[in-house]
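Chains as they are written, first to last, in this note's numbering: chain A, 37 to 182; chain B, 76 to 580.
Even for Gly, the Cβ is constructed at its ideal location relative to N, Cα and C.
Working notes, structure below.
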């Protein structure tokens, strides 16, 4: 079965990005927004899964996201699990591509540890964000992937 | 120093049903413990049950994962257990991955990272899973003294920080002698898993537990969707006071048999009813239960060869109502047929049922069925466990009637194939006899530990009212207990066999 990203996850990831953009301070403006979001996520997930664990998760999410957005080819995952761009002119407010990658990470976590635990982890990083979904089984697309 | 001056060691619930009892009330707070065993025997699940039972936002649990099962996979699988409360993550239970520190740095760095996390989080419980990985790393790079120093500093620091600690490891028993980890530990819990024929047998042993008396020996445990459940060898009855010796006699529901028993079964006795198939052992057992219910005594029937509905229906055919009492919690018919049961687990189920309805009478129908329901590996423990259960239950005043099926021998009168007559206070033997060209049934009370009993051999029939004794003792024959009696001639001088005995096949 072809892999499809749940639109609700995409929407949730976009809202996370929007909230982060609003919270940007002047000193943070020189760091691309997407990279900052992933840096926020990297710390708790590295504590949980280890640096190698987080890196492999991010690599997998990036691979999946590239299928929807080939321009993400320019994004690389460093050995410590940080994101960097190999291409020129990184857009600081590249919400679309960042949200796509984030949605895939959340989707993978949904698949591995379930929606409830994933959202509790995310809530720990972004306490003000809520994920409302009418379907409890929001992971279906990830689970059914062959 | 009197008792009041001594420090009180709090006991924490293990979260594993049955295990607190084995531990002697729970796990000592601030203890430094090891959970050891082979892969897949339930070490991680045991630690999880403990942390979910004890972690709070104020005193969270810190779970260090080290090169073993990745945390995400651990969470994926552990959340399948019913004890897993996702509400406790990440606030009350925090997972920390130490893999990189182990791979890239030395023992000092590992200790520093653990201490840093412990000081930051102030946990009530700390788990290192697997600590074996840490030790392996140390063995490659550090001397035994360095490893001992590391373990001691770790234990010292975690205890000072008021944390109860578990180190999980895949150790072999042979390592116990040389491994400093075992010396430092306050508690050492070993989980075993062996395949015996087609069954998996799981056992738990407390090798060491400082500060309190635990129940020694190997205890069986099971892993279900609720996690581990342990079954104490003592079935949790060791500390219960025996009731005072009763002089009461319980009616078995057949007045003539009560008379043979010297007025009924002494309360708190264990009675064995032995006989061949079809001699009426189960009928007698149901009459015993029904009579108890009539007198307001709740009962339990542990049946292994019939389903409860069939058992009650068959009793109904003898005019005994075993259906209504079940709805009033006066009777519980336990069907314990599934294979692979451990003997202690089965007995725990019986004990729970006895305690739940305050049963005064228990029927085990039959011992052969009971043994067959057990996993092969547990059958060797059968007699020992049965002895413990019967001793424990009769000690609290429960009267037990067990049935045992015997292959009929026409040259002797065995009481049991199990050599379990030592378990019983009283024995009633049913048997077929060949008289006047008919296969009839006789019974005899073989033994009554509590006193005198009839020595008569009585003929009986199974009628619509159940077992009915007919006539006085069987006279005019000798050799009744062999099953092939000879008639005694009226003159007393001539004996003639009723029929030539057949040779045994």
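- Taking 8 Å as the Cβ-Cβ cut-off, the region 73-86 of chain A approaches chain B at 80, 82, 83, 84, 85, 86, given in chain order.
- Taking the beta carbon of residue 150(A) as reference, the chain B residues within 9 Å of it are 150, 151, 154, 161, listed in sequence order.
- Between residue 282(B) and residue 310(B) the beta-carbon gap is near 21 Å, outside 8 Å, which marks them as no contact.
- As summarised for the region 159-189 of chain B, the continuous alpha helix (DSSP H) elements at least 4 residues long and confined to that stretch are 174-179, given in chain order.
- Nearest CB-CB separation between residue 289(B) and chain A: not below the 9 Å threshold.
- With a contact defined as Cβ atoms closer than 8 Å, residue 268(B) and residue 113(B) qualify at about 6 Å.
- A direct Cα-to-Cα measurement between residue 526(B) and residue 202(B) gives close to 59 Å.
- In the DSSP assignment, residue 201(B) falls within the beta strand (DSSP E) that extends over 200-204.
- For residue 438(B), DSSP records a beta bridge to 376(B), 476(B).
- Residue contact with chain A for residue 169(B): present (Cβ-Cβ distance below 9 Å to some residue of chain A).
- Along the length of the region 69-141 of chain A, whole beta strand (DSSP E) runs at least 3 residues long occupy 111-113, 119-121, reported in chain order.
- Using a Cβ-Cβ cut-off of 8 Å, residue 88(A) is close to 174, 175 of chain B, given in chain order.
- Between residue 477(B) and residue 439(B), the CB-CB gap stays under 9 Å.
- Contact of residue 160(A) with chain B by beta-carbon distance below 7 Å involves 165.
- Here residue 480(B) is near residue 350(B), since their CB atoms are less than 9 Å apart.
- As computed with DSSP, residue 139(B) is found in a beta bridge with 171(B), 203(B).
- Its chain contains 375, 437, 468, 473 as the residues whose beta carbon lies nearer than 7 Å to that of residue 429(B), once the 5 sequence neighbours on both sides are disregarded; these appear in chain order.
- Between residue 96(A) and chain B, the shortest Cβ-Cβ separation is not below 9 Å.
- The CB of residue 156(A) comes closer than 7 Å to the CB of 161, 164, 165 in chain B, given here in chain order.
- Identification of chain B residues near residue 153(A) by a Cβ-Cβ cut-off of 8 Å yields 150, 154, 161, 164, ordered along the chain.
- Using a CB distance cut-off of 9 Å, residue 135(B) does not count as an interface residue toward chain A.
- Here residue 270(B) is exposed. Its C-beta has fewer than 16 other C-beta atoms within 10 Å.
- In the three-state scheme derived from DSSP, where H, G and I count as helix and E and B as strand, residue 554(B) is classed as coil.
- For residue 146(B), the chain A residues whose Cβ falls inside 8 Å of its Cβ are 84, 85, 86, 89, in order along the chain.
- By the Cβ-count criterion, residue 46(A) is buried, with 16 or more other Cβ atoms from all chains shown falling within 10 Å of its own Cβ.
- Among the CB atoms of chain A, none fall inside 9 Å of the CB of residue 208(B).
- Assignment of residue 153(A) by DSSP, reduced to helix, strand and coil, places it in the helix class.
- Sequence-distant Cβ neighbours of residue 159(B) in its own chain, meaning closer than 6 Å and more than five residues away, are 153.
- Residue 162(A) and residue 80(A) have their C-alpha atoms roughly 11 Å apart.
- As for any beta strand (DSSP E) of minimum length 3 sitting wholly inside the region 317-405 of chain B, the runs are 345-350, 374-378, ordered along the chain.
- Here the alpha carbon of residue 512(B) sits roughly 14 Å from the alpha carbon of residue 555(B).
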